[in-house]
Every structure is written in C-alpha cells, then in structure tokens.
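Asker: With mature numbering (1 follows the signal peptide of the UniProt record, and there is no 0) as the guide, the letters of the sequence shown map in order to residues -19 to -1, 1 to 45.
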Amino acid sequence: MKFFTFLVATMTVLGAVAGADQPTVKTPTEALEQVQASTLPDGVTLTGETEKIDHPADAAAIFN
C-alpha cells in the first residue's frame, strides 16, 4: 500500500512537470500575426483567409 501511494505521488509530480514544460497552443490570430511578422519569399502574400483543398481524384484508392 505504501508503494502504491508513492507511485501515485510520483506520477502526479511528473505529470505536473510535463504539463508545465509544454508550450501553449496559439490562437489562430496569434499564429497569423507570427507568420506575417516572419520573412516571406518573394511573391508570397498572406490574406488571412483559407481555401478548402480537395483530395486528388484518386485519393479514395490510396486511402483504402
């Protein structure tokens, strides 16, 4: 029983450390601002909009 208590306490501490070490996920607005602030290749512009990209016509055969 003492081992189980020690194990649970250890896992709790390790979980807290691992959670604190991971960066937070940026919001879409923050991500767009970060990309806009970076240097882009010539001819590339960002509009802040997204386009839907369809799968290739033969994608169904590849996925099966």
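A virtual CB, placed ideally from N, CA and C, is assigned to each residue, including glycine. Computed from a predicted model, the values in this text were never measured in an experiment.
Return yes when the Cβ of GLY29 is within less than 8 Å of the Cβ of LEU13, no when it is not.
Answerer: Yes, the pair counts as a contact, with Cβ atoms nearer than the cut-off.
Asker: Look at the alpha carbon of THR26 and the alpha carbon of LYS7, and state the distance between them as a whole number of angstroms.
Answerer: Cα to Cα, the separation comes out at about 21 Å.
Asker: Got a sec, what are the start and stop residues for the alpha helix (DSSP H) THR10 sits in?
Answerer: Start and end: 9 to 18.
Asker: Give every residue of the same chain whose Cβ lies closer than 6 Å to the Cβ of GLN17, excluding the five residues on either side of it in the sequence, and list them in chain order.
Answerer: So the qualifying residues of the chain are LEU27.
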